[in-house]
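Below: the structure, in structure tokens.
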Amino acid sequence: MKKGTDEIPGLYVHVPFCKSKCPYCDFYSVTSLSLIPAWLSGIKKEVLLYKDRFSYFDSLYLGGGTPTVISEPDLIHFVDYLFTHFSFSTDSEISIEANPDDITKGKLNLLRRMGINRISLGVQSFNDHNLHYLSRRHTVLQTKKALENDKVGRIYQHRN
């Protein structure tokens, strides 16, 4: 809760990296993954600037971009860093955005171990022609496989 108020804020961290840029996307993102170490260094400095400003958060949303393009060791370290410097309520929703072609059983298990309890999966269509038109890098088959992996991972929160 922000000091001096009764409202409990959520924490959003914009991860501006994607393997490819979708032509319809208006969110800031870059495809140069070599910039990730500098971004991580900078965002850690920003965390230190704000760590005492809030008592705790009721949610953490890692959006973007595509946060799951960050290497597993860097993603683990970064999320641990956030949990070290910020407090979260015990029933916090911890979300991450992902593309279907980034999701494997191993990745789901890792995300679950990290405390992620919701994935926002970037599925714009269940039609390969439409996905190609939108310049999406995944296929319908990859989306179905990601959703099948959910039966093992049990992370996704399905919404119609």
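When we follow this note's numbering, the leftmost residue of the sequence shown carries the number 55, and every step to the right adds one. Positions of the beta carbon are idealized from the N, C-alpha and C atoms, including for glycine. Here the structure is a predicted model, which means the values were calculated and not measured.
Let me know if H139 comes out buried or exposed under the rule of 16 or more other beta-carbons within 10 Å of its beta-carbon.
exposed
Kindly indicate the opening and closing residues of the beta strand (DSSP E) around F228.
Not covered by the structure: residue 228. The range shown for the chain is 55 to 214.
On the three-state DSSP scale, how would you describe S113?
Note: S113 maps to strand in three-state DSSP.
Could you spell out where the beta strand (DSSP E) holding I173 opens and where it closes?
172–175
Which class does L65 belong to by DSSP, given the choice of helix, strand or coil?
strand
As a quick exercise: from R172, P121, V69, H183, pick the residue whose alpha carbon is nearest that of S149.
R172
Inter-stretch contact (C-beta, 8 Å, three-pair minimum) for the segment 186–202 and the segment 71–80:
These segments touch.
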